[in-house]
Structures are given as structure tokens and as C-alpha cells.
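If you read the protein sequences in the order shown, they are chains D and E.
If you count the first sequence from 1, position 81 lands on 81 in my numbering, and the numbers rise without skipping.
Just so we're on the same page, my numbering is the position in the second sequence counted from 1, plus 116.
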Amino acid sequence: NAGVTQTPKFQVLKTGQSMTLQCAQDMNHNSMYWYRQDPGMGLRLIYYSASEGTTDKGEVPNGYNVSRLNKREFSLRLESAAPSQTSVYFCASSETPGLQGWKTQYFGPGTRLLVL
Amino acid sequence: KNQVEQSPQSLIILEGKNCTLQCNYTVSPFSNLRWYKQDTGRGPVSLTIMTFSENTKSNGRYTATLDADTKQSSLHITASQLSDSASYICVVISNYGQNFVFGPGTRLSVLP
């Protein structure tokens with residue numbers, strides 16, 4: 001049981017290049033999330049997928065696209081990377097929110113991205 | 117504007133000492149509040165979840181308090197250990213939508 005895994009761990013891009021960050025979870029969770037974490041700021045939600053086949057924008061979606069490939073996998077794509085997208089990206093998953101509200105999120109180890 | 121503030125920004129204590137981290141929020145409507153621990157180079161890990169009706173919740177040496185009237189929460193760490201060195205993040209969840217509001221975190225360093 002690996003939990004939430006992310007690839008790659010590190011990546012350096014030049015401005016304008018594209019790349020896809022991969023995320024997979026083996027906890028049979030319906031909901032998955034992509035966040036970015038910048039120094040001195042809290043994590044900010046980029047996109048989320050409440051269930052397989054659905055995706056929705058979060059707080060900072062501009063410059064990103066996502067794909068919920070299946071229940072296990074949720075990828076984040078940067079079509080044309082910009083220096084402002086230099087950040088640490090975290091994927092998370094959780095059970096479907098119940099009557100008591102949102103469930104605990106389980107985070108991956110993160111992908112450190114540098115855009116030159 | 118929904119916001120979560122944490123203080124102090126960073127804290128250094130000696131091993132075995134106690135400490136208290138603060139979280140103030142303006143998120144509304146409130147659903148629940150969570151404290152996460154984030155080790156350097158790792159993703160956050162949940163410590164506690166507190167709902168509106170809960171005032172205190174403990175998880176080992178970690179005790180979280182919540183005052184929903186003043187919109188404040190604290191995380192008290194007892195008998196600190198070197199492994200407690202990490203960032204501690206307060207997260208407030210709103211009832212509506214996927215509204216998770218993360219605080220910037222408090223960086224705790226425990227020295228021998």
C-alpha cells in the first residue's frame with residue numbers, strides 16, 4: 001500500500017516547455033486534488049476531481065490542465081511553462097465527503113518544479 | 117475574504133519543552149478545522165480534525181483546541197522531540213464546495 005505517489009520528484013523546464021505531472025493512489029479514493037505550495041503561502045488548490053470522470057477548477061487553475069485518467073490516476077499538465085509556475089506541486093486524495101463533511105486528505109511526496 | 121493566519125511564523129525550542137502554535141481564521145461558513153504536520157521534503161500528514169462542536173482533541177503529545185466564537189485554534193505540543201521539527205499547517209474547511217483554506221504554516225525547530 002503505497003498511498004499517493006507522484007512522478008517525477010524533480011523537474012527543470014525552460015519557459016514555454018510542456019510537461020505532465022503524474023499522480024496515482026491505491027486507497028480506492030474517489031476524490032483527488034492538485035495543489036501548489038509556494039514559500040510563505042499556504043497550499044493553493046489548482047484543480048480537483050470529486051470522482052472519476054469529473055474535474056473542477058480550484059483557486060489557481062490558469063496555465064494548467066488536468067485529466068482524471070481512471071479512479072487511480074490524476075495528472076496535471078503545464079502546456080507552456082512560465083517562471084511563475086516554479087513551485088512544489090502536491091497531489092492528494094480522499095474519500096468522498098460524507099454527511100460529516102470533507103474527509104482527511106492524504107498527500108503525495110510532492111514534485112519540485114523549476115521553470116527557467 | 118476567507119483567510120487563515122498562523123503564528124508564530126517560526127519557532128525554536130529545546131527538546132523536552134512544550135510549545136503552542138496559533139491559528140486564526142475568517143473562513144465562513146465553517147465546517148471543520150485540521151492541523152497537518154509537514155516534514156521537510158514531504159507532503160502534509162493529518163494530525164487532528166475538529167468540528168464546530170469540539171473544543172479539545174488530543175493525538176498523543178499533540179492537543180488541539182478550537183474556539184469557534186473567536187475563530188481561533190491552537191496546537192499544543194507536549195514534551196517536544198527532535199522528530200517534531202516540521203511545519204505545522206492549519207487548514208479550515210468551508211461547508212460549500214471544495215473550499216480548503218490553508219494557512220502558511222509555522223516552522224518548528226526542536227534542538228537537542
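Backbone N, C-alpha and C define an ideal beta-carbon position, used for all residues, glycine too.
Within chain E, no C-beta atom comes less than 8 Å from the C-beta of M32/D; the nearest is roughly 11 Å away. At a cut-off of 8 Å between beta carbons, G40/D contacts chain E. S174/E and C135/E have their C-alpha atoms spaced approximately 15 Å apart.
The beta carbons of R36/D and V88/D sit closer together than 8 Å.
In the displayed model, S84/D falls within a helix according to three-state DSSP. The DSSP-derived three-state label of L198/E is helix.
Around the beta carbon of T186/E, a 10 Å sphere encloses fewer than 16 other beta carbons of the protein chains shown; the residue is thus reported as exposed. Neighbours of P220/E in chain D, taken as residues at a C-beta separation under 8 Å, are given in chain order as G40, M41, G42.
As far as DSSP is concerned, E79/D takes part in no beta bridge. Neighbours of R223/E in chain D, taken as residues at a C-beta separation under 8 Å, are lacking, since the least C-beta distance is about 10 Å.
Residue-level contact check: P145/E does not touch chain D, since none of the beta carbons of chain D fall below 8 Å from its beta carbon. In the structure shown, K153/E adopts extended strand secondary structure according to DSSP, grouped into three states. As computed with DSSP, V208/E is found in a beta bridge with L149/E, V217/E. Counting the other CB atoms within 10 Å of its CB gives I165/E a total of 16 or more, which places it among the buried residues. Contact residues of the stretch 146-180 of chain E toward chain D are S147, N148, R150, Y152, Q154, G157, R158, G159, P160, V161, S162, I165, T167 (C-beta to C-beta distance below 9 Å). Short of 6 Å from the beta carbon of S51/D, and not among the five residues preceding or following it, lie these beta carbons of its own chain, in chain order: N30.
Pairing M19/D with L78/D gives a Cβ-Cβ distance under 8 Å.
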